[in-house]
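First comes the structure, then the notes that go with it.
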């Protein structure tokens, strides 16, 4: 009887946790209802590749800088811990223009990484760009690796 009660409790907790899961953003602009003088930058960190198995690719870095020069010099004002389990990363920032840097590593042997556009075996590929934060909006961007 104790095992059945425990199973029912675990199932109920699982249902509650799944029901409270946050909904991912669609990359569009959403109006915020807060009174802060900030906006939210939502970066969808995605990398699509049909050549290399997803298990051999890893997100490495996602950073923000105030200017393109700061980005080039590696002077980031924030960096976030990236994870394969997370697609959308959100930053609450004052309105303005910022620059982002995102990188992905390839952990294949031989020429597989070169075929996919990496410089070679166990190497990274980077993407970056200019993003705009608007007061009271959630502004969505998606990484573009070339």
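In our numbering, the protein residues as written are 1232 to 1377.
Backbone N, C-alpha and C fix where the C-beta goes; we use that ideal spot for every residue, glycine too.
Quiz item: In terms of DSSP beta bridges, what is residue 1309 paired with?
Solution: Answer is 1295.
Practice problem: Would you please state the rounded distance, in angstroms, between the beta carbons of residue 1313 and residue 1291? I believe it to be under 8 Å. | Solution: Between residue 1313 and residue 1291, the beta carbon gap of about 7 Å places them in contact (Cβ cut-off 8 Å).
Practice problem: Classify residue 1337 as helix, strand or coil using the three-state DSSP reduction. | Solution: Three-state result, residue 1337: strand.
Quiz item: Would you call residue 1317 buried or exposed, if buried means 16 or more other Cβ atoms sit within 10 Å of its Cβ?
Solution: Of the other Cβ atoms in all chains shown, fewer than 16 fall within 10 Å of the Cβ of residue 1317; this residue is therefore exposed.
Practice problem: Consult DSSP for residue 1269 and reduce its assignment to one of helix, strand or coil. | Solution: Here residue 1269 sits in coil by DSSP.
Exercise. Please determine, among 1363, 1338, 1298, 1273, the residue with the shortest C-alpha to C-alpha distance to residue 1284.
Key: Selected option, being the one with the closest Cα: 1338.
Quiz item: In chain order, what residues of the same chain have a beta carbon less than 8 Å from the beta carbon of residue 1359, not counting five sequence neighbours either side?
Solution: Scanning its chain for C-beta atoms nearer than 8 Å, with the 5 sequence neighbours on each side dropped, one finds around residue 1359 the residues 1302, 1330, 1331, 1332, 1333, in chain order.
Quiz prompt | Buried or exposed (CB count within 10 angstroms, at least 16 for buried), residue 1364 | solution = Classification of residue 1364: buried, given that the 10 Å Cβ count is 16 or more.
Self-check item: residue 1374 classed as buried or exposed, judged by whether at least 16 other C-beta atoms fall within 10 angstroms
Solution: That one is buried.
Quiz item: Taking the alpha-carbon positions, what's the residue 1288 to residue 1275 distance?
Solution: When rounded, the separation of the alpha-carbon atoms in residue 1288 and residue 1275 is 16 Å.
Quiz item: If residue 1361 sits next to residue 1323, beta carbons under 8 Å apart, how far is it from one beta carbon to the other, in whole angstroms?
Solution: So it is not a contact: roughly 19 Å between Cβ atoms.
Exercise. Measure how close the beta-carbons of residue 1321 and residue 1368 come, nearest whole angstrom, since I'm counting them as under 8 Å.
Key: Not confirmed; about 12 Å, so no contact.
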